[in-house]
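Notes follow the structure.
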Amino acid sequence: MGFLEFKRVYKVYPVGVKALDNVNLSLEKGEFVFLWGATGAGKTTLMKLITREELPTSGEVWLERCKISSLEERYLPVLRRNLGVVFQDLKLVPHWTVYENLISPLLVLGVKRRYAHRLAGEILELVHLQDKKYLKTEWLSGGEKQKLCLGRALIHRPYLVLADEPTGNLDSATALEVVGTLFEFSKKSEATVIVATHSEDLVNRFPARLVVLDKGKIIQS
Amino acid sequence: MSKSKEAFYHRGTSYLVMGFLSVFFTQLLLNLFIFGYLELEQMGGVWQSSFTVQAFFRENLSPEVIEKVKEEVETLPLVGDTRLISSEEAKSRFLNYFNLQEKDLGLEENPFPPSLEVRARRVEELPLLAQELEKIEEFEEVFYGGENTEALLRFYHFFLIAGGILLLALFVFSLLVVTAVTKASIQARQIEIEVWNLMGATKRFIRAPFIYQGIMEGLGGGAVALVVSLVFFHFLLDFLRTSFPFFFWISWEELVLPLGVVSILMSSFLGFLGAILACNSMEEESAK
Chain A
66 MGFLEFKRVY KVYPVGVKAL DNVNLSLEKG EFVFLWGATG AGKTTLMKLI
116 TREELPTSGE VWLERCKISS LEERYLPVLR RNLGVVFQDL KLVPHWTVYE
166 NLISPLLVLG VKRRYAHRLA GEILELVHLQ DKKYLKTEWL SGGEKQKLCL
216 GRALIHRPYL VLADEPTGNL DSATALEVVG TLFEFSKKSE ATVIVATHSE
266 DLVNRFPARL VVLDKGKIIQ S
Chain B
158 MSKSKEAFYH RGTSYLVMGF LSVFFTQLLL NLFIFGYLEL EQMGGVWQSS
208 FTVQAFFREN LSPEVIEKVK EEVETLPLVG DTRLISSEEA KSRFLNYFNL
258 QEKDLGLEEN PFPPSLEVRA RRVEELPLLA QELEKIEEFE EVFYGGENTE
308 ALLRFYHFFL IAGGILLLAL FVFSLLVVTA VTKASIQARQ IEIEVWNLMG
358 ATKRFIRAPF IYQGIMEGLG GGAVALVVSL VFFHFLLDFL RTSFPFFFWI
408 SWEELVLPLG VVSILMSSFL GFLGAILACN SMEEESAK
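Keeping their order, the protein sequence lines are chains A and B. Residue numbers for the first sequence follow the numbering used here, beginning at 66 and rising by one. Residue numbers for the second sequence follow the numbering used here, beginning at 158 and rising by one.
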């Protein structure tokens, strides 16, 4: 069994929209994967099944031999603490400072303040936001917010990183920088990284596995 | 960031003020009630010396039996102290009261039976004590009374019942306000809660700041109410002592401890309970 596995997964939303249609996918530990597809192909739904924001209509999702599709509600925090997620809508708290948003996963993990401070310094450097540390997040530009979200997803060294359209609103240079950071992280920490994107240009620039989704079906894996 | 700090870090001050004020006013009224209760206790304690139960012995009881009954009565838990009134003393009291001479009575035998004058430990327990004494066979008749006693007891019971109801109503009202304020506070922080949830925070972690907030609001409101109450009672008692010097007013120092303990414990409990109820309610709503 792979590190992350989807077995005959279907997802139909209550309004009748079929988001995923018999998805079978197996990913290995340390893989860097592009999940490519047009808008509405089911990329975000696939990600949400991993974070357990959504449940499959049928089928199974396994992560490290744990059937997360039927994980009890009380174990969700354990699952989520081990994930790093760059959300499509960022999910940053606008009135918190950059630093506060950044260290939020560490607070959840109960990391000591001094260590959290050190990790935050490293990540701020990585995403080039050192000079914005105490700025309120709402004052950042779109690209800076995206970088902050990326930093927050990596700060606790997760073994699985999910990035849902992390380059959506970025210029090509910043987009390359963001994905490059994720790629580097995957290589250094042997974490599995899944990047959902609809950008063909990005996919072609990195030597990574490509999974293509179309109307909820995997057409290339 | 510690949890207690987190509780206030990005909190709207208006929510804090509302929660604080609701606890403050409840506690202020509670303190007034406690003052009234303690004052009544104080007065009752002084007045009870003039309220006694009179238990008249049956005829022809030997002095030994009477003494034995007196000892038996003294062992009853409700009894404060007892005094034996002999037939002679009863007659003498009667004569003194009506300013008469013995010859004015014109009686060959002393018609006054010996009696036992019994004081209750607490004035409100007089009726219970009288009931206990009626069970003793050696007593012919037992009575307590006088308008003062009845009036005091009626007032005392009324005060307790009315005060209790008022207090309960206040507590419920304040609890509702604290709950509503905490709920509003939770709603205002939905984005943060969502982020915490997605980061893998446990329910306990997410609830903690709100519980701290509730306790802090309660403690703050209670502490300020305590200070305001103590200052108010200080001046009130000064005024009352000057204006009504013949009453038995409680001393200000005697108020500090009961008010302090009740203010701190009650208000923090109120804040805690309100926050817990709000968290439960919000979790139920979000689960639907």
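By construction, the Cβ of each residue, glycine as well, lies at the ideal position given by its N, Cα and C atoms.
>> Would the region 199–217 of chain A count as touching the region 155–163 of chain A if we require 3 or more Cβ pairs under 8 angstroms?
In response: yes
>> Given this structure, state the Cα-to-Cα distance separating B:I223 from B:R278, to the nearest angstrom.
In response: 22 angstroms
>> Tell me the residue span of the alpha helix (DSSP H) that contains A:K282.
In response: Per DSSP, A:K282 belongs to no alpha helix (DSSP H); it is in the beta strand (DSSP E), 282–285.
> Quick one: is A:D229 buried, meaning 16 or more other Cβ sit within 10 Å of its Cβ, or exposed?
Replying inline: buried
> Residues in its own chain within less than 6 angstroms of B:D238 by CB, not counting five upstream and five downstream?
Replying inline: R276
> Residues of chain B with CB under 7 angstroms from A:V158, in chain order?
Replying inline: I348, E349, V352
> With burial defined as no fewer than 16 other Cβ atoms inside 10 Å of the residue's Cβ, what is the status of B:I318: buried or exposed?
Replying inline: exposed
> For A:L69, does the count of other Cβ atoms within 10 angstroms reach 16, so buried, or fall short, so exposed?
Replying inline: buried
> If you follow the alpha helix (DSSP H) that A:L144 is part of, which residue opens it and which one closes it?
Replying inline: 141–146
> From B:S420 to B:D395, what does the alpha carbon distance come to, in whole angstroms?
Replying inline: 23 angstroms
> Can you name the residues of chain A whose CB is closer than 9 angstroms to the CB of B:M439?
Replying inline: Those do not exist, as B:M439 stays about 16 angstroms from chain A at its closest Cβ, beyond 9 angstroms.
> Between the Cα of A:D154 and the Cα atoms of A:R130, A:C214, A:G175, A:I188, which residue gives the shortest distance?
Replying inline: A:C214
> When the Cα of A:V74 is compared with those of A:G102, A:E96, A:I115, which residue comes out closest?
Replying inline: A:I115
> Thinking just about the alpha-carbon of each residue, which of A:E93, A:E249, A:P79 is nearest to the one in A:L120?
Replying inline: A:P79
>> Per DSSP, what are the beta-bridge partners of B:V352 in this structure?
In response: Paired residues: none, contrary to the question.
> Do the CB positions of B:I372 and B:S331 come within less than 8 angstroms of each other?
Replying inline: no
> Between the region 119–139 of chain A and the region 248–261 of chain A, do at least 3 Cβ pairs fall closer than 8 angstroms?
Replying inline: no
>> Quick check on B:S123: buried or exposed, where buried means 16 or more other Cβ atoms within 10 Å of its Cβ?
In response: This structure gives no information on residue 123 of chain B, because the portion of chain B shown stretches from 158 to 445.
> Roughly how many whole angstroms lie between the Cα atoms of A:K210 and B:I350?
Replying inline: 19 angstroms
>> By the 7 angstroms beta-carbon criterion, what residues does the region 171–194 of chain A contribute toward chain B?
In response: L172, V173
>> Would you say A:T122 lies against chain B (beta-carbon separation less than 8 angstroms)?
In response: no
> Assuming B:L427 contacts B:T183 under a Cβ cut-off of 8 angstroms, what Cβ separation, rounded to an integer in Å, is found between them?
Replying inline: 7 angstroms
> Interface residues of chain A around B:T359 at Cβ under 7 angstroms?
Replying inline: P142
> Ordered along the chain, which non-local residues of its own chain (more than five positions away) have a Cβ less than 8 angstroms from that of B:P284?
Replying inline: Y301, L310
>> Would A:A240 and A:L267 qualify as a contact pair, given that the criterion is a beta-carbon distance under 8 angstroms?
In response: yes
> Near B:Q199, which residues of its chain fall below 6 angstroms by C-beta distance, leaving aside the five closest residues on each side in sequence?
Replying inline: F405, I407
>> Going by beta-carbon coordinates alone, are B:M439 and A:R145 separated by less than 8 angstroms?
In response: no
> Does the beta carbon of A:L267 sit closer than 8 angstroms to a beta carbon anywhere in chain B?
Replying inline: no
> In whole angstroms, what is the alpha-carbon distance linking B:E441 and A:E265?
Replying inline: 44 angstroms
> Nearest chain B C-beta to A:T257 closer than 8 angstroms, yes or no?
Replying inline: no
> Excluding sequence positions up to five away, which residues of its chain have a Cβ less than 7 angstroms from the Cβ of B:L416?
Replying inline: N188, I191, L383, S386, L387
> In terms of residue numbering, what span does the beta strand (DSSP E) encompassing A:V158 cover?
Replying inline: Taken as a continuous stretch (DSSP letters only), A:V158 belongs to no beta strand (DSSP E), as it is neither H nor E.
> So A:R270 is in the alpha helix (DSSP H); what residue range does that whole segment cover?
Replying inline: 265–270
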